[in-house]
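Engineer: I am attaching a structure below and will ask some questions about it afterwards.
2 protein chains.
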Amino acid sequence: MSKLDESLLTGLPPFSLLERSQIREILDQALPKRYDEGAEIFREGHDAERFHLLLDGYIRVVKTTEGGEQIIALHISPGQLFGIAPALNRDTYPATAVAASESLALSWPVRLWGEFTAKYAGFATESYTTLGQRLGEMQTRITELATQAVEQRVAAALLRMVNQSGRKVEEGIEIAFPVTRRNISEMTGTTLHTVSRLLSAWEKDGIVHSTRKHIVVTAPHRLVILSGAQG
Amino acid sequence: MSKLDESLLTGLPPFSLLERSQIREILDQALPKRYDEGAEIFREGHDAERFHLLLDGYIRVVKTTEGGEQIIALHISPGQLFGIAPALNRDTYPATAVAASESLALSWPVRLWGEFTAKYAGFATESYTTLGQRLGEMQTRITELATQAVEQRVAAALLRMVNQSGRKVEEGIEIAFPVTRRNISEMTGTTLHTVSRLLSAWEKDGIVHSTRKHIVVTAPHRLVILSGAQG
DNA sequence: CCGCAAGTTTGCTGAAGGACAAAGAGGTCA
DNA sequence: TGACCTCTTTGTCCTTCAGCAAACTTGCGG
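Rendered as structure tokens:
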């Protein structure tokens, strides 16, 4: 494996305030790893041995219920830390991380967490800011699940993915990683059947264009309306 | 206001590792305040000027939706920190805190947060552990809302309140603060009507005994079964 | 002591969406 | 090329629960 390039980290939130030499130090201790689509990065309940930073690709963080159902807790996009159990003094991962598309991530042993937060100004701050945002997102989802109808929730979920990973194509904005109807149902607390019906209806209305595992939103503003926008 | 007693804080998680002299220091900077039932401690969106520690009583942390509905995000019981926006680098409160019963809390200006975490070993650690637990609880609620039927969710909510604040009475275990049907519906994403029907049915089955704003669980194990237990 | 507000109960109705079923459409591997 | 697996679509039925409406209870303030 060739030497890691410092430009990888420069500008990423957790490291934005650091000197080149500090970044060098951090990189030298990182273990880079590539994951195929569908590969598991860590599993719920296992010892949290490392924390991770996604460089490229997309990660789904998933919880499994007693009944065997999956719930998608979180999507991680490039530049974000994940599996940061040490930030919350947890010694086991609270959920499972799976690559949603082919991905590249760095990781460090958890014992370095304390060192990083102590040594690198801004690292702790940035990490806890991120955590605060995730907490806010979770609160938003709870509110949605408690008050909104399925159609609004699915619309909101699509918009969230578009905002997080949307890339322009000629028809509209495309979600940059593979998503199945089942995945969407696992984000919104419904069934894949209902999601399929909604997408079919929206396709007919010219709001989205979807193929297998692949969604392009052609009329985002109309989705915003359907989602019962708040901002 | 008379001088605060050190024994108030000794043994509370956030301060469990501290010396008496340190506790003295912390207390000297604290502002104690009493709140009537229903009184607002801070409001969503306002500048987060202080962080708080509940000494006695119960606090409900509430979010209001665009549609004007309320969602209960969290219950705080004595000994817990709340309104700790600074821990997540937020400069405004993400939700509103209301006293569920007559309550007593200490508070400090947010600028002391950095000082406390830096100066008192274990304060930061304990705080982030708490945060991790709350994150876990939120995840649990998302999972429940996404996968369980109303009856299971209401049963689970009752059990949560019993675990957090239950005190033994001769008939069973009583929830220690006033709760309305509406409150329960705001915790579980349903309507007060449905909650009322469920409580009536459970009353008939001898599982709970409830009066206005007041609930005693007489057969907790049966509620556990209804909730679709996982542990 | 009366009136009012807040909280609770119960009945009825209808719609949303979950459950079940079955068939089609790509995609992959031998 | 064919078998198989995953993903998707669509139809039908049926349960759950929200919505609406109205009456009842309890406690408080004037």
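Going down the list, the sequences are from chains A and B.
Numbering of the first sequence is given in the numbering used here, commencing with residue 1 and proceeding in unit increments.
Numbering of the second sequence is given in the numbering used here, commencing with residue 232 and proceeding in unit increments.
Heads up, the beta-carbon is just placed ideally off N, CA and C, and yes, glycines get one too.
Remember, it's a predicted structure, so these values are computed and weren't measured experimentally.
Indicate the three-state DSSP secondary structure (helix, strand or coil) for Arg274 of chain B in the structure shown.
Structural biologist: Coil at Arg274 of chain B, not helix or strand.
Engineer: Quick one: what's Ala318 of chain B bridged to in DSSP?
Structural biologist: For Ala318 of chain B, which the question treats as bridged, DSSP gives no partner whatsoever.
Engineer: Does Asp287 of chain B come out as helix, strand or coil in the three-state DSSP assignment?
Structural biologist: Three-state DSSP puts Asp287 of chain B in a strand.
Engineer: What are the residues that DSSP puts in a beta bridge with Lys435 of chain B?
Structural biologist: DSSP lists no partner for Lys435 of chain B.
Engineer: Taking its Cβ as the centre, do 16 or more other Cβ atoms sit within 10 Å of Met1 of chain A, making it buried, or is it exposed?
Structural biologist: Below a pLDDT of 50, predicted positions are generally treated as unreliable, and Met1 of chain A, at 47, falls in that range; no measurement from the model is reported.
Engineer: Run through chain B and tell me which residues come within less than 7 Å of Glu49 of chain A, C-beta to C-beta.
Structural biologist: Within 7 Å Cβ-Cβ: nothing; Glu49 of chain A doesn't reach chain B, min ~17 Å.
Engineer: Taking buried to mean at least 16 other C-beta atoms within 10 Å of its own C-beta, is Gly462 of chain B buried or exposed?
Structural biologist: No answer about Gly462 of chain B holds up, because its pLDDT of 41 lies below 50 and its placement is not dependable.
Engineer: Could you name the residues of the same chain whose beta carbon sits closer than 7 Å to that of Gln253 of chain B, not counting the 5 residues immediately before and after it, in chain order?
Structural biologist: Result list for Gln253 of chain B: Tyr351, in chain order.
Engineer: Please name the residues in the segment 278-306 of chain B whose beta-carbon is closer than 9 Å to at least one beta-carbon of chain A, in chain order.
Structural biologist: Answer set for the segment 278-306 of chain B: Lys294, Thr296, Glu297, Gly298, Glu300, Ile302, Ala304.
Engineer: How about Ala155 of chain A and Leu226 of chain A: do their beta carbons lie closer than 7 Å?
Structural biologist: Taking 7 Å as the Cβ cut-off, Ala155 of chain A and Leu226 of chain A qualify as a contacting pair.
Engineer: Please list the partners that Arg372 of chain B has in chain A, where partner means a Cβ-to-Cβ separation under 7 Å.
Structural biologist: Here the neighbours are Ile142.
Engineer: Cβ of Thr129 of chain A less than 7 Å from any chain B Cβ?
Structural biologist: Yes - at least one Cβ of chain B is within 7 Å of the one on Thr129 of chain A.
Engineer: Starting from the beta carbon of Asn320 of chain B, find every residue of chain A whose beta carbon is closer than 7 Å, and list them in chain order.
Structural biologist: Those are Thr125, Tyr128, Thr129, Gly132, listed as they occur along chain A.
Engineer: Applying the criterion that 16 or more other CB atoms from any shown protein chain within 10 Å of the CB defines a buried residue, is Ala146 of chain A buried or exposed?
Structural biologist: Buried, because 16 or more other Cβ atoms sit within 10 Å of the Cβ of Ala146 of chain A.
Engineer: Which residue spans inside the segment 147-188 of chain A form an unbroken alpha helix (DSSP H) run of at least 4?
Structural biologist: The segment 147-188 of chain A contains these whole alpha helix (DSSP H) runs: 150-165, 181-188.
Engineer: Taking any Cβ of chain A, which residues in the segment 374-394 of chain B have a Cβ under 7 Å from it, in chain order?
Structural biologist: Those would be Thr374, Leu376, Ala377, Thr378, in chain order.
Engineer: Compute the beta-carbon to beta-carbon distance between Leu17 of chain A and Gly122 of chain A, rounded to the nearest angstrom, for a pair I have assumed lies under 8 Å.
Structural biologist: Confirmed, about 4 Å.
Engineer: Please state whether DSSP places Leu248 of chain B in a helix, a strand or coil.
Structural biologist: Here Leu248 of chain B sits in coil by DSSP.
Engineer: For the beta strand (DSSP E) containing Leu223 of chain A, list its first residue and its last residue.
Structural biologist: Segment 220-226 is the alpha helix (DSSP H) holding Leu223 of chain A; no beta strand (DSSP E) there.
Engineer: Identify whether Val341 of chain B lies in helix, strand or coil by the three-state DSSP scheme.
Structural biologist: If DSSP states are grouped into helix, strand and coil, Val341 of chain B belongs with coil.
Engineer: What does the Cβ neighbour count give for Glu417 of chain B, buried or exposed, with the cut at 16 atoms within 10 Å?
Structural biologist: Glu417 of chain B should be labelled buried.
Engineer: Can you list, in chain order, the residues of its chain with a C-beta nearer than 6 Å to that of Ser107 of chain A? Leave out the 5 residues immediately preceding and following it.
Structural biologist: Leu31, Arg50, His52, listed in sequence order.
Engineer: Whole-angstrom Cβ separation of Phe15 of chain A and Ala97 of chain A, contact assumed at under 8 Å?
Structural biologist: Not quite, the Cβ-Cβ distance comes to about 21 Å (not below 8 Å), so this is no contact.
Engineer: Between the Cα of Leu423 of chain B and the Cα atoms of B:Val410, B:Lys435, B:Glu434, which residue gives the shortest distance?
Structural biologist: Considering only alpha carbons, the answer is B:Val410.
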